[in-house]
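Visitor: Pasting a structure here, questions to come.
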Amino acid sequence: MPESGFHFAQPAWFWGLLAIIPVALWLMRSAARAARGPIHRYADPHLLPHLTGTRDLETSERWGRFLRWSLLWALLLAAMAGPRWDATDVRLFHPGNNLLMLLDISRSMQVDDVSPSRLGRARQEVQDLIVNNRAVRLGLIAFASVPLVLSPITEDTFTILNALPALSTDLVSLQGSRLGMALDRAEGLLAGLPAESARSILLISDGDFDEPDLPERIRKLAQSGIRLHVLGIGTSEGGRVPAPRGGWVLDRTGAPVVSALNETLLESLAKAGGGIYRTADYRDGDTRAILKAAAVMRLPPEA
53 MPESGFHFAQ
63 PAWFWGLLAI
73 IPVALWLMRS
83 AARAARGPIH
93 RYADPHLLPH
103 LTGTRDLETS
113 ERWGRFLRWS
123 LLWALLLAAM
133 AGPRWDATDV
143 RLFHPGNNLL
153 MLLDISRSMQ
163 VDDVSPSRLG
173 RARQEVQDLI
183 VNNRAVRLGL
193 IAFASVPLVL
203 SPITEDTFTI
213 LNALPALSTD
223 LVSLQGSRLG
233 MALDRAEGLL
243 AGLPAESARS
253 ILLISDGDFD
263 EPDLPERIRK
273 LAQSGIRLHV
283 LGIGTSEGGR
293 VPAPRGGWVL
303 DRTGAPVVSA
313 LNETLLESLA
323 KAGGGIYRTA
333 DYRDGDTRAI
343 LKAAAVMRLP
353 PEA
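Now the structure itself:
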């Protein structure tokens, strides 16, 4: 049964109020011990401050401090308990077409087999998507070893444009290319949209993944109504991967690591996700094709 009016999300925190009782008992016992202390045998109470150089707290002052600390403790517990007013869920989005972009910012995206680099080309592709877009709400997640939500699904594409210059492989301290975690994050964001909306993911990457369960993971997304499109960045010849402090990333033998566009893998992921695959180029035909595919209200049953 739903709660009504004002309530606390975690009222169990109020059990902490019981801690006030032993503190009060301790305070009373300590006051009694102080009154019966040995020094009271040799001087009147009003002379003790002159003998000890300290001032005994009056009973009222001592209890005043106790009450103030008790009040602070109660307020802290009330905050931890989570005061809540009942709220009505409001649909913020009307049904429509939604495309969440997953942009790879792993180290291999710094390879310059395309100009100015794979990451630079990826930024240009995102800009083209925004410029050519008329009917699709967009969002952006950058990912390497972990996903970073730069913009949830929004109609305010200026938010995404403002985030593009900051896109760098230095956004994550731990390098890697974990697409599975990015897909989980994207699924969570898309799950909050109206069920009748078209929900799609656009993967922008060179395909440098080593997660064997990706096709099956993407098929499950398609079965839940989330289509996956892929935009490949790079060339089949590839190039050497730059190291963070200059030079090249080296393999175990000391040779420079060469990264090439893995079109075979990326095409298989797009097929598993019921989407399309395109290789990025300077023309805007690739982004137009993806926007057209994303502007489909329902995923075909055979996908």
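In terms of the working numbering, the sequence shown is residues 53 to 355.
The C-beta atom is built at its ideal place from N, Cα and C for all residues, glycine as well.
At the level of alpha carbons, what is the spacing between Asp208 and Asn149?
Guide: Going from the Cα of Asp208 to the Cα of Asn149 covers about 14 angstroms.
Visitor: Can you give me the Cβ contacts of Ala322 inside the same chain, cut-off strictly under 7 angstroms, excluding the 5 residues immediately before and after it?
Guide: Closer than 7 angstroms at the Cβ level, and outside the excluded window around Ala322, lie Leu280, His281, Val282, Ile328, Tyr329.
Visitor: Taking Asp156 as part of the beta strand (DSSP E), name the residues at either end of that continuous run.
Guide: Start and end: 149 to 156.
Visitor: Would you kindly check if the distance between the Cβ of Ile285 and the Cβ of Arg170 is under 7 angstroms?
Guide: Closer than 7 angstroms, so yes.
Visitor: Near Arg159, which residues of its chain fall below 7 angstroms by C-beta distance, leaving aside the five closest residues on each side in sequence?
Guide: If we look at Arg159 and ignore the five residues flanking it on each side, its Cβ neighbours are Thr221, Gln227, Val293, Val301.
Visitor: Write down every uninterrupted run of the beta strand (DSSP E) in the region 223 to 259 whose length is 3 residues or greater and which is fully enclosed by it, in chain order.
Guide: The region 223 to 259 contains these whole beta strand (DSSP E) runs: 250 to 257.
Visitor: Suppose only complete runs of 3+ residues qualify. What are the beta strand (DSSP E) ranges in the region 260 to 337, listed by chain order?
Guide: Entirely contained in the region 260 to 337, the beta strand (DSSP E) runs reaching 3 residues are, in chain order, 278 to 284, 329 to 331.
Visitor: When the distance is taken between beta carbons, is Ala312 closer than 7 angstroms to Glu288?
Guide: Checking the sequence shown, residue 288 turns out to be Ser, not Glu. Result yes, Cβ atoms of Ser288 and Ala312 sit closer than 7 angstroms.
Visitor: In or out: Pro199 buried (at least 16 other Cβ within 10 Å) or exposed?
Guide: It is buried - the Cβ of Pro199 has at least 16 other Cβ atoms within 10 Å.
Visitor: Please report the straight-line C-alpha distance between Leu266 and Gly232, rounded to a whole angstrom.
Guide: When rounded, the distance between both Cα atoms is 7 angstroms.
Visitor: Under the DSSP definition of a beta bridge, which residues are partnered with Gly191?
Guide: Answer by DSSP bridge pairing, in chain order: Leu152.
Visitor: Going by DSSP, which residues form a beta bridge with Pro204?
Guide: Beta-bridge pairing links Pro204 to no other residue.
Visitor: For the alpha helix (DSSP H) containing Phe58, list its first residue and its last residue.
Guide: Run containing Phe58: none in the alpha helix (DSSP H); it sits in the beta strand (DSSP E), 58 to 60.
Visitor: Where DSSP assigns a beta bridge to Arg175, which residues make up the other side?
Guide: DSSP lists no partner for Arg175.
Visitor: For Gly6, which residues in the same chain have their Cβ closer than 6 angstroms to its Cβ, ignoring the five residues on either side in sequence?
Guide: No information on residue 6 is available, as it lies outside the stretch 53 to 355 that the chain covers here.
Visitor: Around the Cβ of Val163, are there at least 16 other Cβ atoms within 10 angstroms (buried) or fewer (exposed)?
Guide: Classification for Val163: buried.
Visitor: Pick helix, strand or coil for Arg186, following the three-state DSSP scheme.
Guide: Coil, per DSSP.
Visitor: Does the region 166 to 186 come close enough to the region 235 to 252 that 3 or more CB-CB pairs lie under 8 angstroms?
Guide: No: the two stretches stay apart, fewer than three of their Cβ pairs being nearer than 8 angstroms.
Visitor: Give me the residue from Gln62, Val224, Leu318 with the minimum Cα distance to Ser197.
Guide: When only C-alpha atoms are compared, the closest one is Val224.
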